[in-house]
Amino acid sequence: MREFPEADWKVLRKLREAALERSCERILDQVVRTSSDTGKSFHERYLAVWRLLQKHDKQIADAFNNPRRSHALEQLTVMYSLGVISEQELKKFTSGTQDVIKMLMGLSG
C-alpha cells in the first residue's frame, strides 16, 4: 500500500503490548462465561470454548503475530476493528495513517 512512517511504527510498538493484553483479557472473559454456562453439558461447554479459541486464535494471529513495518497497516487495522486500539489511541498516529485505517475499514475520515 504505502510506506508506514517511522513515527507511526514507534507508536504502534508502544501500543501493541497493551492491545494484546486487552485482546487476551476479552477472550479469557468469554471463555469464563462460556465454560460457566450451567445450562449446557460439560461437553457442550468444552466444544463452545474450543470454537471460541479457534476463532480468536486467527484474530490474534492477524493482529499480533510477526510484527513488521511491512504488515503494520494491516495489523493496526485488525487491532482497531477488534476495538483493542481506541479512537483516542488511533489519533496518536499521523493523519495519513488514520485515513488509511479508516479507508480500509470502510469508514469516512
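In the numbering used here, the protein residues as written are 102 to 210. No residue lacks a Cβ here, since even glycine has one placed at the ideal position from N, Cα and C.
Legend entry - Inter-residue CB distance, Leu-174 and Val-201 (contact presumed, cutoff 8 angstroms): Working through the sequence shown from its first residue, we reach residue 174 at position 73. Working through the sequence shown from its first residue, we reach residue 201 at position 100. With a Cβ gap of about 6 angstroms, Leu-174 and Val-201 count as contacting.
Legend entry - Per-residue DSSP class, three states only, for Glu-145: As a position in the sequence shown, residue 145 is number 44, starting the count at 1. Residue state for Glu-145 is assigned as helix, using DSSP reduced to three classes.
Inset, instruction - Might you give, ordered along the chain, the residues of its own chain that have their beta carbon closer than 6 angstroms to the beta carbon of Thr-198, omitting 5 neighbours on each side? - result: Taking the sequence shown and counting its residues from 1, one reaches residue 198 at position 97. Taken in chain order, the residues that qualify are Asp-109.
Inset, instruction - Could you give the DSSP three-state label for Lys-159: helix, strand or coil? - result: As a working mapping, residue 159 is identified with position 58 in the sequence shown. Three-state result, Lys-159: helix.
Legend entry - Arg-169 in three-state terms, based on DSSP: Counting from one through the sequence shown, the residue named residue 169 turns up at place 68. Coil, per DSSP.
Inset, instruction - Go ahead and label Ser-124 buried or exposed: buried means 16 or more other beta carbons lie within 10 angstroms of its beta carbon, across all protein chains shown. - result: As a first step, residue 124 must be located in the sequence shown, where it is residue number 23. Buried, because 16 or more other Cβ atoms sit within 10 Å of the Cβ of Ser-124.
Legend entry - Beta-carbon spacing of Ala-164, Val-185 below 9 angstroms: Walking along the sequence shown from the start, residue 164 turns up at place 63. Walking along the sequence shown from the start, residue 185 turns up at place 84. Val-185 sits close to Ala-164, with the two beta carbons spaced by under 9 angstroms.
Inset, instruction - Report all residues from its chain with a CB closer than 7 angstroms to the CB of Leu-113; omit the five preceding and five following residues, and keep chain order. - result: In the sequence shown, counting from the first residue as 1, residue 113 sits at position 12. Correct list, in chain order: Ala-173 and Leu-177.
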